[in-house]
Amino acid sequence: MPSISLNRIKSKKPLDLAFDLAVILICVIMFFVVAYPIYFIIIASISDPTFVSTGKVLFTPKGFSLFGYEQIFADSRVWIGYRNTLFYSFFGTFINLLLTLPAAYVLSRTEFRARRFLMFFFIFTMFFNGGLIPTYMLMRDLSLLDTPWVFIFNPLTVNVFNLIITRTFFENNIPHEMYEAAVMDGCSHFKFFSTIVLPLSKAVTAVIGLYYLVWHWNDFFTGLIYIRNYDLQPLQIVLRDILLSNQVFSEGAGSGGTGGGYAQRYADQVKYGVIIVSSLPVLILYPFIQKYFEKGVLIGSVKG
Numbered sequence: 001m002p003s004i005s006l007n008r009i010k011s012k013k014p015l016d017l018a019f020d021l022a023v024i025l026i027c028v029i030m031f032f033v034v035a036y037p038i039y040f041i042i043i044a045s046i047s048d049p050t051f052v053s054t055g056k057v058l059f060t061p062k063g064f065s066l067f068g069y070e071q072i073f074a075d076s077r078v079w080i081g082y083r084n085t086l087f088y089s090f091f092g093t094f095i096n097l098l099l100t101l102p103a104a105y106v107l108s109r110t111e112f113r114a115r116r117f118l119m120f121f122f123i124f125t126m127f128f129n130g131g132l133i134p135t136y137m138l139m140r141d142l143s144l145l146d147t148p149w150v151f152i153f154n155p156l157t158v159n160v161f162n163l164i165i166t167r168t169f170f171e172n173n174i175p176h177e178m179y180e181a182a183v184m185d186g187c188s189h190f191k192f193f194s195t196i197v198l199p200l201s202k203a204v205t206a207v208i209g210l211y212y213l214v215w216h217w218n219d220f221f222t223g224l225i226y227i228r229n230y231d232l233q234p235l236q237i238v239l240r241d242i243l244l245s246n247q248v249f250s251e252g253a254g255s256g257g258t259g260g261g262y263a264q265r266y267a268d269q270v271k272y273g274v275i276i277v278s279s280l281p282v283l284i285l286y287p288f289i290q291k292y293f294e295k296g297v298l299i300g301s302v303k304g
């Protein structure tokens with residue numbers, strides 16, 4: 001095999017070979033530009049803050065230190081935030097899929113005459129909404145304030161963009177003849193959707209599920225506006241409070257001479273640790289679902 005590849009390379013024209021090398025070089029540079037900031041945050045979070053602040057940490061960690069992580073995980077609120085966010089993310093994603101997939105299936109059926117009329121109202125909400133105050137009043141009237149259900153049942157429970165992707169996937173990949181054959185065997189819409197459509201839609205389900213999961217994991221605004229009980233706050237709010245407390249500590253210590261610089265350095269390390277703690281679970285999950293992205297999103301995308 002290596003000899004065959006080598007012969008192919010030798011058989012290419014110089015101009016084609018130069019083009020291939022240029023494409024590879026551009027891809028390597030783009031990967032470095034995208035990946036290095038994440039890599040730097042990882043090594044900076046476990047390096048001595050003095051080396052980080054003086055610019056000596058570039059590609060490898062120096063002065064191994066876990067001070068930032070010790071400060072983060074020593075706070076009991078972090079574990080409460082993790083517990084809450086895991087519940088909101090997984091249960092909320094389940095409810096999102098439970099509503100989005102059937103709605104997309106109904107809107108993809110050509111025999112459903114009201115589908116274009118209903119789709120107009122879905123798309124309308126992408127451009128216009130009630131605003132913060134009416135939404136807050138709605139959550140209050142539904143008795144969802146200071147409850148975990150406000151993270152799950154809210155105006156964003158069905159994301160219209162995800163609905164459009166899923167509907168287009170059903171239209172392009174579930175043949176109408178398949179439904180006609182199922183009807184001849186006595187299959188209803190409910191049975192056809194559950195036994196045929198869903199098993200054939202694992203790709204788009206995985207992609208849309210990941211979209212919803214990441215949105216729930218990063219949901220900061222809901223906890224900030226609707227939750228006052230600290231036992232119900234998501235991880236993002238807890239990490240925000242830790243960052244603010246460290247910032248206040250570093251600024252307050254600034255009036256004490258050298259103590260201010262010491263506090264600022266370690267506040268920066270806590271900041272790097274917070275970024276890793278909040279992002280690592282999603283980064284670990286993403287490679288397992290990446291294989292579904294091309295099939296789920298590109299096939300389910302809106303064709304021009």
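Counting along the sequence shown from 1, when you hit position 153 you're at 153 in full-length UniProt numbering, and nothing is skipped either side.
For each residue, glycine too, the CB sits at the ideal point set by N, CA and C.
Cα separation between residue i and residue j?
i, j, result
"D141", "F128", "21 angstroms"
"L101", "F151", "20 angstroms"
"M119", "L107", "7 angstroms"
"I275", "Q269", "10 angstroms"
"G63", "I72", "19 angstroms"
"F122", "S201", "22 angstroms"
"G81", "A22", "47 angstroms"
"R77", "R240", "11 angstroms"
"F288", "A103", "27 angstroms"
"I26", "Y36", "15 angstroms"
"F40", "F59", "7 angstroms"
"Y286", "F32", "19 angstroms"
"F112", "H189", "12 angstroms"
"D16", "W79", "55 angstroms"
"P61", "I46", "7 angstroms"
"I196", "T50", "60 angstroms"
"G304", "L163", "Low confidence applies to G304: its pLDDT is 45, below 50, so where it sits in the model is not reliable, and the reading given next is rough at best. Distance between the alpha carbons of G304 and L163: 18 angstroms."
"N154", "V52", "42 angstroms"
"T54", "D48", "10 angstroms"
"I133", "M178", "47 angstroms"
"E180", "W215", "37 angstroms"
"V282", "L210", "9 angstroms"
"L99", "R167", "13 angstroms"
"M184", "F91", "37 angstroms"
"M137", "G130", "10 angstroms"
"S245", "I38", "24 angstroms"
"L66", "Y105", "50 angstroms"
"I24", "Y230", "50 angstroms"
"I242", "A267", "10 angstroms"
"T157", "A203", "21 angstroms"
"C187", "F220", "44 angstroms"
"E70", "V238", "15 angstroms"
Using 10 angstroms around the beta-carbon of residue i, count the other beta-carbons present and answer buried if the total reaches 16, otherwise exposed.
i, result
"K13", "exposed"
"W217", "buried"
"T222", "buried"
"Y272", "buried"
"N172", "exposed"
"I284", "exposed"
"residue 311", "As displayed, the chain neither begins before 1 nor continues past 304, which places residue 311 out of reach and without an answer."
"S194", "exposed"
"N96", "buried"
"T93", "buried"
"D20", "exposed"
"T258", "For T258, the predicted structure reports a pLDDT of 44, less than 50, and the residue's modelled location is therefore unreliable. A value from the coordinates is still provided. Classification for T258: exposed."
"T68", "Note that residue 68 is Gly in the sequence shown here, rather than Thr. Under this definition G68 is a buried residue."
"M139", "buried"
"I29", "exposed"
"S143", "exposed"
"A74", "exposed"
"A18", "exposed"
"V34", "exposed"
Going by beta-carbon coordinates alone, are residue i and residue j separated by less than 8 angstroms?
i, j, result
"F192", "A182", "yes"
"P234", "T85", "yes"
"F87", "P148", "yes"
"I165", "I208", "yes"
"R228", "D146", "yes"
"residue 306", "T125", "Residue 306 lies beyond the residue range present for the chain, which begins at 1 and ends at 304; the question has no answer from this structure."
"R109", "R116", "no"
"S89", "L213", "yes"
"I42", "V57", "no"
"I278", "Q236", "Looking at the sequence itself, residue 278 is Ser, so the reference to Ile does not match. Against a cut-off of 8 angstroms, the Cβ pair of Q236 and S278 comes out as a contact."
**Request:** Mind listing, in chain order, the continuous alpha helix (DSSP H) runs of no fewer than 4 residues lying wholly within the stretch 192-218?
**Result:** 202-217
**Message:** Quick check on the DSSP output: what are the complete alpha helix (DSSP H) runs of length 4 or more inside the stretch 132-166, in order along the chain?
**Reply:** Segments of the alpha helix (DSSP H) lying fully in the stretch 132-166: 132-141.
**Message:** Give the list of continuous beta strand (DSSP E) stretches no shorter than 3 residues that lie fully inside the stretch 79-103.
**Reply:** none
**Message:** What ranges does the alpha helix (DSSP H) occupy inside the stretch 25-69, keeping only unbroken runs of at least 4 residues that lie completely in it?
**Reply:** 49-53
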